[in-house]
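In UniProt numbering, the protein residues as written are 1 to 259. The C-beta atom is built at its ideal place from N, Cα and C for all residues, glycine as well. It should be emphasised that the depicted structure is a prediction, and the values quoted were computed from it without experimental measurement. Worksheet for the structure shown next.
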């Protein structure tokens with residue numbers, strides 16, 4: 001499956017924001033590139049019309065055509081079991097790149113779906129691969145991103161086997177707040193674009209447990225919950241509950257791998 005775009009809005013005509021002017025470029029592939037290298041990368045990127053909520057970007061079995069950089073909005077990655085049950089493997093925010101799962105066999109093993117209206121940059125993989133051979137900085141950044149994927153998978157396995165339900169949710173909220181902060185948003189007030197069912201699926205907890213824990217956190221004054229909006233009132237307590245900031249749930253994030 002490949003995203004289909006109206007010819008009038010596909011490609012570079014769909015958006016005037018380029019890598020040089022993108023507010024999240026420091027979290028994406030352009031990080032550390034020279035002006036000339038940035039221009040070359042910018043020239044191959046296709047900027048599509050908005051992706052609508054619930055739209056599938058790619059699905060299991062699709063051939064690898066592109067790597068996708070999220071410019072706005074949030075997405076989730078998931079796999080399906082043999083009996084069709086969904087298992088969420090990651091939540092993605094602006095600045096994240098998705099699609100690396102297909103590099104080994106040139107086919108995607110999972111799905112990527114929009115949780116809300118989103119804008120993405122589509123980077124044709126064959127051209128990106130060619131550029132990476134000519135530009136060490138791009139090649140190095142791609143290797144960093146793939147390394148972070150492996151690290152996140154390992155941390156997730158440890159997380160699900162060692163942390164309590166309370167610690168998991170606290171770590172989830174803390175990590176999410178730090179990711180928003182890295183993108184210039186508030187670390188204390190943010191909107192959960194994923195459902196409580198999605199959060200529970202990702203953490204290996206039931207919806208009832210997620211709701212009960214959010215209620216407990218709010219009753220203690222640590223957070224305020226208003227629908228999908230979360231306000232962290234006592235960050236120190238949240239960090240302590242999450243294991244002193246050491247047990248941060250992985251989100252396939254790249255904000256810590258670009259230094």
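- Under the DSSP definition of a beta bridge, residue 92 partners with 75.
- Under DSSP, residue 37 forms no beta bridge with any residue.
- The stretch 103-122 makes contact with the stretch 52-68: 3 or more CB pairs, one atom from each, lie closer than 8 angstroms.
- Its chain contains 229, 230, 231 and 232 as the residues whose beta carbon lies nearer than 8 angstroms to that of residue 189, once the 5 sequence neighbours on both sides are disregarded; these appear in chain order.
- Of all C-beta pairs linking the stretch 92-108 to the stretch 41-56, fewer than three are shorter than 8 angstroms, placing the two stretches out of contact.
- Note on the UniProt domain "HTH crp-type" (163-236): whole alpha helix (DSSP H) runs with a minimum of 4 residues are 165-182, 196-203 and 207-219, in chain order.
- Taking a contact to require three or more Cβ pairs closer than 8 angstroms, the stretch 192-207 and the stretch 165-180 qualify as touching.
- Straight-line spacing of the CA atoms in residue 227 and residue 217 works out to 14 angstroms.
- Taking residue 70 as the centre and dropping the five residues before and after it, the same chain places the C-beta of 92, 94, 96 and 120 closer than 6 angstroms to its C-beta, in chain order.
- Look at the beta carbons and you see the stretch 147-165 not touching the stretch 114-134: under three pairs across the two are nearer than 8 angstroms.
- DSSP, read as helix, strand or coil, puts residue 97 in strand.
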